[in-house]
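Per this note's numbering, numbering of the sequence shown is gapless, rising by one per residue and ending at 1034.
Note that beta-carbon positions come from the ideal geometry of N, C-alpha and C, so glycine has one too.
In what follows, a structure is listed as structure tokens, so that the remarks can point back to it.
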Amino acid sequence: MHPYDVLIIGGGPIGLACGIAAQQAGLQYLILEKGTLVNSLFNYPLFMTFFSTAERLEIGGVPFMSLAPKPGRQEAMEYYRRVTAHYGLSIRLFEAVETVEQTTPHQFTVTTTKGHYQANNVIVATGFYDIPVQMDIPGEELPKVSHYYKEPHFYAFQDVVIVGAANSAIDAALEIWRRGGRVTLVIRGSEIGSVKYWIRPDIENRIQEGSIRAYFNSTLVAVRDNEVDLDTPEGRVTLPNDWVLALTGYQPDFELLRRFGIAVAPDESQCPVYNPDTMETNRSGMYLAGVVCGGMDTRLWFIENSREHADKIIQAILADRQAASGS
Ligand SMILES: Cc1cc2nc3c(=O)[nH]c(=O)nc-3n(C[C@H](O)[C@H](O)[C@H](O)COP(=O)(O)OP(=O)(O)OC[C@H]3O[C@@H](n4cnc5c(N)ncnc54)[C@H](O)[C@@H]3O)c2cc1C
């Protein structure tokens, strides 16, 4: 089997950007994606709006047109699908990478749910949306608790506790309240987190007028079938409850990174080790791209600022090849 020059793990926006850069450089490449195209975006809330303007989400120089000031999930899926078709990207969907074995510095065997591939270089662009940060509290495993929010109608006329204070939690709180849900926010800090600037007055006013109840400096400590317990500055509070949305953030699949042999910082950031000039990891010929680079700090990298990883990596691969052919 002839090895690919580059095998890209993950068909999110940044994996696609890497594919485009590889194609433009004349490299043989393949993108492997465990779900559908841009699987993370597919799993976002239905009515989610990006905080970025459309042009900041563009890849491969293809214009992203949106009628709204900020595009939504649906438009973004259309855009990345059209970009994939436009470039005729080489991609296999619903094929998860399980292991990457390195035989010599630039020889990898990649094993997926469907087969084996040989590659000279591997780019890991696996994102962070598949693994929620757990609350580790009793009752978290109940079916009424979810770490993902899809759409508001389901929660109409229900008692809903939402844990979190960032964009996902605040968007969900407002949408659900507007569809008749009785929403209580449980916020660890003393204020709303960093949210889209046009959303902030909306949530602050809803809390102030009492439409959405918010417990600050509080934590959810237990979930039972019909109620929940909170620890608040005023002591333990028990509330009637139908559903819990624990929108407490997500984290990269560290187990997968370790299986790939990528070193991770021993501190709480668990930042994967890579050279910021080339994006090469501790394994020669294995690169990191996109939001996975931040480790637990998932607010460091976005599409906006990580799409440039693609060109950096492909330039590094080309330079490496040139050096090898000259030596
Ligand atoms: C709700 C939300 C809103 C956001 N809004 C913005 C915004 O407005 N602007 C902005 O710039 N950024 C935003 N971000 C951040 C960023 O857009 C996303 O995280 C983006 O999807 C990152 O792209 P990525 O390609 O690095 O990772 P992802 O899009 O997560 O892609 C990783 C892909 O790898 C696949 N994968 C994982 N493991 C494997 C495996 N073993 N084998 C094969 N495939 C695998 C996954 O299925 C996934 O499709 C937002 C994030 C979230 C969660």
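C-beta atoms of residue i and residue j nearer than 8 angstroms
i, j, result
"residue 923", "residue 901", "no"
"residue 754", "residue 779", "yes"
"residue 928", "residue 847", "no"
"residue 899", "residue 883", "no"
"residue 716", "residue 826", "no"
"residue 937", "residue 955", "no"
"residue 969", "residue 979", "yes"
"residue 903", "residue 752", "no"
"residue 767", "residue 724", "yes"
"residue 953", "residue 852", "yes"
"residue 1011", "residue 759", "yes"
"residue 946", "residue 891", "yes"
"residue 829", "residue 992", "yes"
"residue 863", "residue 834", "no"
"residue 838", "residue 958", "yes"
"residue 721", "residue 996", "yes"
"residue 711", "residue 726", "no"
"residue 868", "residue 951", "yes"
"residue 840", "residue 787", "no"
"residue 919", "residue 872", "no"
"residue 802", "residue 791", "no"
For residue i, three-class secondary structure by DSSP
i, result
"residue 983", "coil"
"residue 766", "coil"
"residue 726", "helix"
"residue 952", "strand"
"residue 844", "coil"
"residue 735", "coil"
"residue 853", "strand"
"residue 823", "strand"
"residue 746", "helix"
"residue 1004", "coil"
"residue 784", "helix"
"residue 908", "helix"
"residue 1018", "helix"
"residue 961", "helix"
"residue 929", "strand"
"residue 973", "coil"
"residue 886", "coil"
"residue 859", "coil"
"residue 998", "helix"
"residue 870", "strand"
"residue 902", "coil"
"residue 833", "coil"
"residue 805", "strand"
In DSSP terms, what residue i is bridged to
i, result
"residue 864", "Note: residue 864 sits in no beta bridge, so no partner."
"residue 828", "713"
"residue 779", "756"
"residue 921", "892"
"residue 798", "738"
"residue 810", "Looking at the DSSP assignment, residue 810 forms no beta bridge with any residue, so it has no partner."
"residue 934", "947"
"residue 942", "939"
"residue 839", "957"
"residue 772", "Residue 772 pairs with nothing; no bridge assigned."
"residue 815", "809 and 826"
"residue 988", "981"
Integer Cβ distance of residue i from residue j, believed to fall under 8 angstroms
i, j, result
"residue 740", "residue 800", "5 angstroms"
"residue 810", "residue 818", "That belief does not hold up - the Cβ atoms of residue 810 and residue 818 are roughly 13 angstroms apart, past 8 angstroms."
"residue 988", "residue 1019", "Not really, about 13 angstroms apart at Cβ, beyond 8 angstroms."
"residue 972", "residue 1002", "7 angstroms"
"residue 889", "residue 866", "5 angstroms"
Residue i at chain C interface by Cβ criterion, 8 angstroms
i, result
"residue 824", "The question asks about chain C, but that chain is absent: this structure has only one protein chain."
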